[in-house]
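Structure, as C-alpha cells:
Residue numbers (my numbering): 3 to 252.
Next up, the structure:
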C-alpha cells in the first residue's frame, strides 16, 4: 500500500530468507509525494540493506541496479530505470536502458527545481501519449529526444552550460508537443526563461505534474509568484546540490 509499496515488495523478494522480524528506519529530507525519484532511491536502498543483513554481501552497483529494476518494473510498467541509475550511481549519469549502457559523468551543473504541487504516475502519462500519437510520430519524438540527450552529454563534458540550457529549452518544447505540459508548467517555464540567472529549463520527470528543472548560473531564489493565488496550487522551490555519491554504506 502506498507510500510503502516499493519497500514492501523489496522485502517480499527476500521473504524466504528472513527468519525473524526487524525494524526498518527510513530518514528522508522530503515527502514521497514530491517524486524526485524517491521510489527508485528507497528500492535500491532496501535491496542493498537486505543483501548486507541477510547474506553479508555488499552488492556492486550494476547487480544492485538489475535487482532493483526488476522490483520496480513489477509495480510500474513501463520503467526506463533512469531514476534508479541516478539514485545508485549519483551525480550526472549517461544511461540507456536498451541496449544497457551506463556511464557516470563527473561534472555537476547547478540546478533549481520547482515542484508543481501535483504529479501523475508514469503509466498515466504513457497511456496519454499512446492515445494522442500514432506509432510513426512516437518514433519521431523518441529520435528527437535522444538527439537532445546526446547533445546534452557533449555540452556537459565541454562545460558549455549555455548550450545545455538551450537543449533544456528545446526538450521542453518537444515535451509540450507530447502533451506533457499544462498551463501551470507553461507559466513556470515562462518565468524561468525570462530570468537572467537561468540558462534554460525543462519539465522534469514524465510530465503532467511533478517538477520543472532549471539550469542556473548562480544561486537564485524565486520567491514571488503572484500567479499562485489565481491558480491555487502549492508551488515549492528547491535550490539543490546534486550528490556525486549515489548509494553508499556507512
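Glycine is no exception: its CB is placed at the ideal position from the N, C-alpha and C atoms.
Item	Value
Beta-carbon gap between residue 181 and residue 134 smaller than 7 Å	yes
Backbone secondary structure at residue 167 - three-state DSSP	helix
Opening and closing residue of the beta strand (DSSP E) in which residue 97 lies	94-98
Span separating the alpha-carbon of residue 197 from that of residue 248	31 Å
Through-space distance from residue 153 to residue 107, alpha-carbon basis	14 Å
CB contact flag (residue 82, residue 70, <7 Å)	no
Own chain residues within Cβ distance below 8 Å of residue 128, not counting five before or after	80, 208
contact_flag[the stretch 185-192, the stretch 142-159] where n(CB pairs < 8 Å) is 3 or more	no
Beta-ladder partner(s) of residue 152, from DSSP	Answer by DSSP bridge pairing: none, since residue 152 is not bridged.
Residue of 50, 67, 68 minimising C-alpha distance to residue 60	50
Boundaries (first-last residue) of the beta strand (DSSP E) holding residue 114	113-117
Which listed residue (252, 251, 244) has its alpha carbon closest to that of residue 114	244
CA-to-CA distance, residue 117 to residue 240, given in whole angstroms	8 Å
Rounded C-alpha distance that separates residue 85 from residue 206	11 Å
Among 175, 179, 210, 211, the one whose alpha carbon lies nearest that of residue 293	With the chain covering only 3 through 252, there is no way to say anything about residue 293.
Cβ-heavy atom distance, residue 115 to the ligand ATP, below 6 Å	As for the ligand ATP, it is missing from this structure, which has no ligand bound.
As assigned by DSSP and simplified to three states, the class of residue 64	helix
Backbone CA spacing between residue 20 and residue 56 [nearest angstrom]	7 Å
Residue 204 - containing alpha helix (DSSP H), residue span	Taken as a continuous stretch (DSSP letters only), residue 204 belongs to no alpha helix (DSSP H), being part of the beta strand (DSSP E) at 200-206.
Alpha-carbon to alpha-carbon, residue 194 and residue 246	26 Å
Top-ranked residue by Cα proximity to residue 216, from 168, 140, 131, 58	168
With 16 other Cβ atoms within 10 Å as the buried cut-off, status of residue 204	buried
Cβ-based burial, residue 242 [other Cβ within 10 Å; buried from 16]	exposed
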